[in-house]
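These notes concern the structure reproduced below.
Numbering (the numbering used here), first residue to last: 17 to 468.
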């Protein structure tokens with residue numbers, strides 16, 4: 017590099033030197049003055065070049081691991097960014113991301129680009145050993161270790177306005193499709209059309225492994241269908257037509273006990289409980305005063321005959337009503353300022369003759385550590401939520417937990433140990449109105465996650 021700087025110096029000196037001019041009539045003082053001015057300009061150029069070279073040598077070329085996570089998919093935390101729980105807000109550093117894509121995307125012969133990644137999660141959990149209430153007896157008393165997830169993520173740019181995204185669970189023998197959809201962007205009069213197996217647009221992001229109660233009850237599943245988005249900045253409108261999800265009983269934690277009424281997570285079958293939903297969002301950045309995002313949504317549909325049978329036979333006190341109506345509505349609010357992150361959501365829904373409603377709020381703060389080798393960041397988080405079921409609680413029936421009203425406090429610590437390596441600890445305080453004694457079903461969870 018010094019050789020090229022020297023060449024530049026000699027070339028510039030010769031070019032601007034009085035030897036190349038016809039300056040016979042100039043005085044010696046004028047020539048000296050001009051030489052000094054030219055040397056000053058040249059010296060400044062050399063210094064600027066040296067500063068730029070020093071900066072390049074200091075910073076180096078960013079590697080694939082230093083690039084930010086891929087663009088966050090609208091309305092989901094389990095999309096391309098899920099390998100890293102510390103997801104950037106949608107749209108953050110988009111320019112930097114575009115500059116770095118070519119460093120880790122895989123081009124095909126036809127010009128498409130594919131990005132492949134994944135994550136592995138290992139859990140240790142311990143649940144209180146309830147012995148009296150049959151529907152809250154843990155499946156794994158004393159807890160233990162488990163290989164929770166091995167997932168593969170595929171993100172593809174099929175062309176400028178067509179993107180594919182897929183999530184595949186590699187723990188199943190044949191591979192389980194968790195998500196698989198295509199985004200069509202920049203459509204006439206529209207901003208995006210998403211087609212395939214997808215999360216709902218009203219599903220918020222989360223940092224924790226433990227889902228909020230309303231999440232398990234209303235939006236944890238992925239559904240097959242299409243969602244349209246149109247932006248009228250700062251507003252965004254959504255319209256979705258989906259197959260809907262079948263009702264089923266699902267656990268509130270890692271132990272899969274103390275069941276609540278939830279939805280089948282991934283259903284590719286065609287069935288009768290179609291769902292139409294719409295929403296209106298508002299997003300505004302107040303600069304130093306933070307960023308606010310609001311979303312109101314509502315939906316309607318029809319229960320499948322299997323859903324009616326589930327309500328009639330599995331939910332104590334529901335009766336034998338043949339009603340197939342399905343309606344829900346709610347709202348989500350987020351506020352981010354600096355490293356503070358606040359989120360709150362409320363949802364109310366009716367399935368046949370069953371009314372349910374719930375809400376939760378959570379607050380977290382991210383501490384960044386630049387000088388620690390084995391701790392890049394720490395995020396403490398606290399969440400409180402409720403879920404109410406409009407039925408008389410049944411304490412001693414086998415499926416009685418489906419009728420309980422619930423409250424949950426969650427305390428969590430999320431450690432970013434190294435790039436793409438996370439460790440987190442969560443404790444869920446579960447309180448239920450059982451119609452009898454309280455259930456002993458608090459749960460403690462350790463998790464280590466590696467993303468690649």
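Quick reminder that beta carbons are idealized off the backbone N, C-alpha and C, glycines included. Bear in mind the structure is a predicted one, so any value in this text is a computation, not a measurement.
Whole-angstrom distance between residue 135 and residue 185, CA atom to CA atom: 10 Å
According to DSSP, residue 400 sits in a beta bridge with which residue or residues? 377 and 425
In terms of DSSP beta bridges, what is residue 297 paired with? 252 and 311
Three or more C-beta pairs below 8 Å linking the stretch 252-264 and the stretch 316-331: yes
By a C-beta neighbour count over all protein chains shown, 10 Å radius and 16 as the cutoff for buried, is residue 335 buried or exposed? exposed
Completely contained beta strand (DSSP E) runs for the stretch 316-369, where each covers 3 or more residues: 341-353 and 356-367
I need the straight-line Cα distance from residue 247 to residue 207, nearest angstrom please. 7 Å
Nearest-angstrom beta carbon gap, residue 401 and residue 375 [assumed within contact, 8 Å]: 7 Å
Stretch pair the stretch 269-282 + the stretch 304-319: three plus CB contacts closer than 8 Å: Result no; under three Cβ-Cβ pairs closer than 8 Å.
Looking at residue 415 and the ligand ZN, is the gap between the Cβ and the nearest heavy atom below 7 Å? You won't find the ligand ZN in this model; it holds no ligand whatsoever.
Determine which residues share a DSSP beta bridge with residue 200 and list them. Answer is 178 and 209, bridged to residue 200.
Can you tell me whether residue 286 is buried or exposed? The criterion is at least 16 other CB atoms within 10 Å of its CB, across all chains shown. Within a 10 Å sphere around the beta-carbon of residue 286 sit fewer than 16 other beta-carbons, which makes this residue exposed.
Using alpha carbons as the reference points, say which of 440, 251, 457 and 363 lies closest to residue 347. 363
Give the secondary structure of residue 305 by DSSP, where H, G and I count as helix, E and B as strand, and everything else as coil. helix
Please work out which residues of its chain come closer than 7 Å, Cβ to Cβ, to residue 223, disregarding the five sequence neighbours upstream and downstream, and give them in chain order. 101, 380, 395, 397 and 430
Any idea which residues DSSP pairs residue 135 with across the strands? 167 and 467
Take every Cβ of the stretch 214-230, pair it with every Cβ of the stretch 290-299, and state whether three or more of those distances are shorter than 8 Å. yes
Count the other CB atoms within 10 Å of the CB of residue 235; is the residue buried (16 or more) or exposed (fewer)? With at least 16 other beta carbons inside 10 angstroms of its own, residue 235 counts as buried.
Checking 8 Å against the spacing of the C-beta atoms, do residue 270 and residue 426 come in under that value? The answer is no: Cβ separation not under 8 Å.
Mapping DSSP to helix, strand and coil, what is residue 389? coil
Please go through the same chain and pick out, in chain order, the residues whose beta-carbon is closer than 6 Å to the beta-carbon of residue 122, but skip the five residues on each side of it. 130
For residue 461, which beta-bridge partners are listed by DSSP? 141 and 442
Determine the burial state of residue 410: buried for a count of at least 16 other Cβ atoms within 10 Å of its Cβ, exposed for fewer. buried
Applying the 10 Å Cβ sphere with the 16-neighbour rule, what's the burial state of residue 40? At residue 40 the pLDDT is 44, less than 50, meaning the model places this residue with poor confidence; the figure from the coordinates comes in the next sentence. Answer is exposed; the Cβ neighbour count stays below 16.
With a threshold of 6 Å on Cβ separation, who are the neighbours of residue 413 within its own chain once the five nearest residues in sequence on each side are excluded? Shown here for residue 413: same chain residues with a beta carbon closer than 6 Å to its own, the five before and five after excluded, namely 332 in chain order.
Would you please state the rounded distance, in angstroms, between the beta carbons of residue 438 and residue 465? I believe it to be under 8 Å. 5 Å
On a Cα-Cα basis, can you pick out the residue from 253, 238, 171 and 168 that is closest to residue 209? Of 253, 238, 171 and 168, the residue nearest in Cα terms is 253.
Cα-Cα separation between residue 452 and residue 168, rounded to whole angstroms: Cα to Cα, the separation comes out at about 45 Å.
Rounded to whole angstroms, what's the CA-CA distance from residue 458 to residue 304? Just pull it up for me. 39 Å
Residue 197, buried or exposed, once every other Cβ within 10 Å from all chains shown has been counted against 16: buried
Locate the beta strand (DSSP E) running through residue 279, then write down its first and last residues. 276-279
Among 178, 226 and 255, the one whose alpha carbon lies nearest that of residue 203: 178
Alpha carbons only, please: which of 313, 330 and 277 is nearest the one belonging to residue 345? 313
Nearest candidate by alpha-carbon position, reference residue 443, set 142, 138, 128 and 132: 142
So, under 8 Å CB-CB, residue 200 and residue 240 are touching, yes? Tell me the CB distance rounded to an integer number of Å. Not confirmed; about 16 Å, so no contact.
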